Amino acid sequence: MGKISLYGLDASPPTRACLLTLKALDLPFEYVFVNLFEKENFSEDYSKKNPQHTVPLLQDDDACIWESHAIMAYLVDKYGATDELYPKDLLQRAKVDQLMHFESGVVFEAALRRLTRPVLFNGESTLPRNQVDHINQIYDFLETFLDDHDYLAGDQLTIADFSLVSTITSIGVFLELDLAKYPRIAAWLERLKELPYYEEANGSGAAQYVELMRSKNFTIVP
Ligand SMILES: N[C@@H](CCC(=O)N[C@@H](CS)C(=O)NCC(=O)O)C(=O)O
Numbered sequence: 095m096g097k098i099s100l101y102g103l104d105a106s107p108p109t110r111a112c113l114l115t116l117k118a119l120d121l122p123f124e125y126v127f128v129n130l131f132e133k134e135n136f137s138e139d140y141s142k143k144n145p146q147h148t149v150p151l152l153q154d155d156d157a158c159i160w161e162s163h164a165i166m167a168y169l170v171d172k173y174g175a176t177d178e179l180y181p182k183d184l185l186q187r188a189k190v191d192q193l194m195h196f197e198s199g200v201v202f203e204a205a206l207r208r209l210t211r212p213v214l215f216n217g218e219s220t221l222p223r224n225q226v227d228h229i230n231q232i233y234d235f236l237e238t239f240l241d242d243h244d245y246l247a248g249d250q251l252t253i254a255d256f257s258l259v260s261t262i263t264s265i266g267v268f269l270e271l272d273l274a275k276y277p278r279i280a281a282w283l284e285r286l287k288e289l290p291y292y293e294e295a296n297g298s299g300a301a302q303y304v305e306l307m308r309s310k311n312f313t314i315v316p
């Protein structure tokens with residue numbers, strides 16, 4: 095096995111999704127902090143590794159992979175003792191992929207990043223109510239997806255859970271998740287919190303993200 099390095103920071107949801115995967119697989123890795131506020135993701139060295147400048151980035155020996163969903167899938171395919179976290183069965187895999195595309199396009203890009211970026215990087219102090227209200231639909235979808243099974247893609251934990259828990263535990267800073275209204279999401283979150291590596295890989299970083307956003311004192315306007 096080569097040397098694995100994960101570049102990122104705890105406040106970043108997709109970095110945390112990869113941390114959850116590395117911990118679940120019990121893989122030894124080096125964690126390299128990338129300070130986005132100091133634009134370290136635009137340094138010459140980092141730009142060579144990831145010309146898109148995003149975190150997370152995985153380096154496995156000389157190979158560089160970015161995009162958390164691709165990283166998680168690669169790690170399980172290459173290093174997983176079983177395929178449980180990313181099933182090889184075509185239909186089961188399609189289900190996991192579908193949820194990860196949902197996370198990427200609908201949750202992360204269209205909601206979380208759209209609300210985070212103006213406040214964190216462009217000095218905005220107000221956010222439009224209609225963009226924030228879009229999060230209600232995400233919560234509704236998730237409650238429906240969880241239907242009558244314990245995890246998002248079925249009865250077993252997969253990387254789709256890691257992907258979505260990273261954003262769902264962050265997005266509440268804009269619109270709090272009403273646990274009474276969404277009992278299946280609440281139970282799913284409790285299940286994930288029971289993982290022995292959850293707090294280190296996602297819990298503390300999600301709290302950091304929430305604290306960081308709150309420190310910016312943004313307001314939501316009609
Ligand atoms: N869909 C990507 C999102 C990556 C992303 O946008 N990461 C943010 C931090 S959470 C970032 O690198 N922002 C800095 C930039 O885009 O320049 C993934 O899952 O890896």
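Just so we're aligned: the sequence shown equals residues 95 to 316 in our numbering.
Here a beta-carbon is modelled for each residue, glycine too, at the ideal position from N, C-alpha and C.
Since the structure is predicted, the reported quantities are computational estimates derived from the model, not experimental observations.
Continuous beta strand (DSSP E) stretch holding residue i: start and end
{"i": "Val149", "result": "Per DSSP, Val149 belongs to no beta strand (DSSP E) and is neither H nor E."}
{"i": "Ser309", "result": "Per DSSP, Ser309 belongs to no beta strand (DSSP E) and is neither H nor E."}
9 Å Cβ cutoff met for residue i and residue j
{"i": "Leu116", "j": "Val149", "result": "no"}
{"i": "Leu258", "j": "Glu161", "result": "no"}
{"i": "Leu169", "j": "Leu251", "result": "no"}
{"i": "Tyr291", "j": "Leu114", "result": "yes"}
{"i": "Thr109", "j": "Leu100", "result": "yes"}
{"i": "Ala247", "j": "Gln186", "result": "yes"}
{"i": "Arg278", "j": "Asp241", "result": "yes"}
{"i": "Ala205", "j": "Gln192", "result": "no"}
{"i": "Met194", "j": "Ala254", "result": "yes"}
{"i": "Thr261", "j": "Pro107", "result": "yes"}
{"i": "Asn230", "j": "Leu283", "result": "no"}
{"i": "Ala295", "j": "Thr263", "result": "no"}
{"i": "Leu151", "j": "Tyr140", "result": "yes"}
{"i": "Ala274", "j": "Ala281", "result": "no"}
{"i": "Gly324", "j": "Lys287", "result": "Nothing can be reported for residue 324: it is not among the residues displayed for the chain, which extend from 95 to 316."}
{"i": "Val200", "j": "Ile265", "result": "no"}
Span of the alpha helix (DSSP H), counted from its first residue to its last, around residue i
{"i": "Val126", "result": "Careful: Val126 lies outside any alpha helix (DSSP H), inside the beta strand (DSSP E) at Glu124 to Phe127."}
{"i": "Pro157", "result": "The residue asked about is misnamed: residue 157 is Ala in this sequence, not Pro. Premise fails: Ala157 lies in the beta strand (DSSP E), Ala157 to Trp160, not in any alpha helix (DSSP H)."}
{"i": "Tyr140", "result": "Glu138 to Lys143"}
{"i": "Ser99", "result": "First-last for Ser99: Ile98 to Gly102, but that is the beta strand (DSSP E), not the alpha helix (DSSP H)."}
{"i": "Thr109", "result": "Pro107 to Ala118"}
{"i": "Asp255", "result": "Ile253 to Ile265"}
Inter-residue CB distance, residue i and residue j (contact presumed, cutoff 8 Å)
{"i": "Phe256", "j": "Met166", "result": "6 Å"}
{"i": "Pro78", "j": "Glu203", "result": "Residue 78 is absent from the structure shown; the chain starts at 95 and stops at 316."}
{"i": "Tyr276", "j": "Tyr245", "result": "Going by Cβ atoms, the distance from Tyr276 to Tyr245 rounds to 16 Å, so no, they are not a contact pair."}
{"i": "Ile98", "j": "Phe123", "result": "4 Å"}
{"i": "Lys172", "j": "Cys158", "result": "Actually they are not in contact, since the Cβ atoms of Lys172 and Cys158 sit about 14 Å apart, beyond 8 Å."}
{"i": "Pro316", "j": "Arg223", "result": "5 Å"}
{"i": "Leu221", "j": "Phe312", "result": "6 Å"}
{"i": "Asp155", "j": "Gly96", "result": "4 Å"}
(request) Starting from the N-terminal side, write out each stretch of the beta strand (DSSP E) that is 3 residues or longer and does not extend beyond the segment 274-300. (result) None, since the segment 274-300 contains no complete beta strand (DSSP E) of that length.
(message) Restricting to runs no shorter than 4 residues, where is the alpha helix (DSSP H) found entirely within the segment 196-239?
(response) Inside the segment 196-239, DSSP marks whole alpha helix (DSSP H) runs of 4 or more residues at positions 208-215, from first to last along the chain.
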